[in-house]
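As structure tokens, the structure follows; a few thoughts come after it.
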Ligand code: GLU
């Protein structure tokens, strides 16, 4: 879903800990609770030797961080990325704990990552790497223990190899050990649209609160991978006007609005949205973030809205499709301007909500239809967005605290309550 982050991925953990600290303080909880929530329960490091196509052996390293299991089995994706660090994986696993709690799913939080540039591997090497990771990890995962899924640069084919490796090692067909699988192996096609559709639904619900509706509102989408494209497509269907989109090569602008499907076809054919000829003009990614639009959807990488550009962001509503696109300093500036930011842990929860439907479906032999899956997703996303909006307005001064604080407070209090009930706090 994104290209290489330029910054030190370890900083994400520092930022996550700060947001957690704020939520703990706002809830009036003590240092002991903060410490109990901060540390992951377990981090597994896996060494993965892979026989390369040229006959040599290359050693890769990966991690699975199991952050918190108070609400249920650990759940979260596995990313393949050359910039992956253990600290980043821990931070992302912590984010999954809050995302799953906030979404009302019976899951704790986990995340995995392998330090690799998957584009430099042949399909055979990629398969060996994926199987190797599961060989190192299989004792620590399972449908009732820890359930991985796709994340940055991993996909249904990789999930299928991983599930198969798990079967080879255990001898049992546990389809529910992993989600985001191909349809034939217990997956749901709806998972492909899930994150983007969820983002659109969250945007629609907040737009109703802010302006009475989403119809006619102008939107800029940064990033045209899975999340960005489907967010644009569904926002367009809901009546919003997609005036700008971009990918890593640059962006396009059209005041009358772009047709997301036509743009996607051009990207598929040529490799980038910038070759879409009906656009009024080309723009840079930086310009896109600063456009005079109603809604901005960052759907690419971490840390794109920073203290350098936050002042120039004109959108009144930002919906975070990517994980961590807004830095803490930028958020502070934006809150002062009255910009509403729908935080990642709410806005991009569509993927894991759909994973939960897939996991349930694997347990009941595949009775849930694609249509039902989409309905469940829409209902959960709209309900959760409205619930967070109300909590934010009820519990906090919205001119001082971003919606993110409310989201973390809701999530943290659920996890704390579960830990208390279990006798862990
Ligand atoms: N990787 C996705 C996320 O960050 C989905 C995780 C899952 O489905 O378990 O939310």
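Numbering (my numbering), first residue to last: 25 to 449. The C-beta atom is built at its ideal place from N, Cα and C for all residues, glycine as well.
Review point. DSSP on residue 150, reduced to helix/strand/coil?
Key: helix
Practice item. Could you tell me whether the stretch 30-44 touches the stretch 409-419, where touching means 3 or more Cβ pairs closer than 8 angstroms? Key: no
Review point. Along the chain, which unbroken stretches of the beta strand (DSSP E) at least 3 residues long are found entirely within the stretch 295-368?
Key: 305-307, 319-322, 341-343, 364-366
Review point. Leaving out five residues before and five after residue 98 in sequence, what residues of the same chain have Cβ atoms less than 6 angstroms from its Cβ?
Key: 90, 132, 134, 170
Practice item. Compare the beta carbon distance of residue 104 and residue 138 with 8 angstroms and say whether it is the shorter of the two. Key: yes
Point to revise | Own chain residues within Cβ distance below 6 angstroms of residue 199, not counting five before or after | key: 210, 386
Exercise for review: List the whole-angstrom C-beta distance separating residue 345 from residue 322, where the pair is believed to meet the contact cut-off of C-beta under 8 angstroms.
Suggested key: 7 angstroms
Review point. Do you know how far the Cα of residue 277 is from the Cα of residue 65?
Key: 46 angstroms
**Study point:** Sequence-distant residues of the same chain with beta carbon closer than 8 angstroms to residue 450, five excluded per side
**Key:** The displayed coordinates of the chain run from 25 to 449. Any statement about residue 450 would go beyond what the structure contains.
Review point. Secondary structure at residue 160, three-state DSSP: helix, strand or coil?
Key: helix
Exercise for review: Quick one: give me the first and last residue of the beta strand (DSSP E) that residue 84 is part of.
Suggested key: 81-92
Point to revise | Three-state secondary structure assigned by DSSP to residue 100 | key: coil
Practice item. Please state if the CB of residue 48 and the CB of residue 71 are separated by a distance shorter than 8 angstroms. Key: no
Check your understanding: So, is residue 380 buried or exposed, given that buried needs 16 or more other C-beta atoms within 10 angstroms?
Key -> buried
Review point. Are the C-beta of residue 286 and some C-beta of chain B separated by less than 8 angstroms?
Key: Annotation note: the requested chain B is absent from the structure, which comprises a single protein chain.
Review point. Which runs of the alpha helix (DSSP H) spanning at least 4 residues fall entirely within the stretch 173-221, listed in chain order?
Key: 180-194
Review point. In terms of residue numbering, what span does the beta strand (DSSP E) encompassing residue 270 cover?
Key: 265-271
**Study point:** Classification of residue 61 by the beta-carbon crowding that lies within 10 angstroms, buried from 16 upward
**Key:** buried
Practice item. Below 6 angstroms CB to CB, which residues in the same chain sit around residue 257 once its five sequence neighbours on both sides are set aside? Key: 284
Check your understanding: Would you say the beta carbon of residue 133 comes nearer than 7 angstroms to a heavy atom of the ligand GLU?
Key -> no
Exercise for review: Identify whether residue 407 lies in helix, strand or coil by the three-state DSSP scheme.
Suggested key: helix
**Study point:** Start and end residues, alpha helix (DSSP H) containing residue 374
**Key:** 374-387
**Study point:** Close-in-space but distant-in-sequence residues of the same chain around residue 437 (CB under 7 angstroms, 5 per side omitted)
**Key:** 51
Point to revise | The alpha helix (DSSP H) enclosing residue 43, as first and last residue numbers | key: 35-50
Check your understanding: Going by beta carbon distance, what residues of the same chain come within less than 6 angstroms of residue 154, once the five residues before and after it are set aside?
Key -> 182, 185, 186
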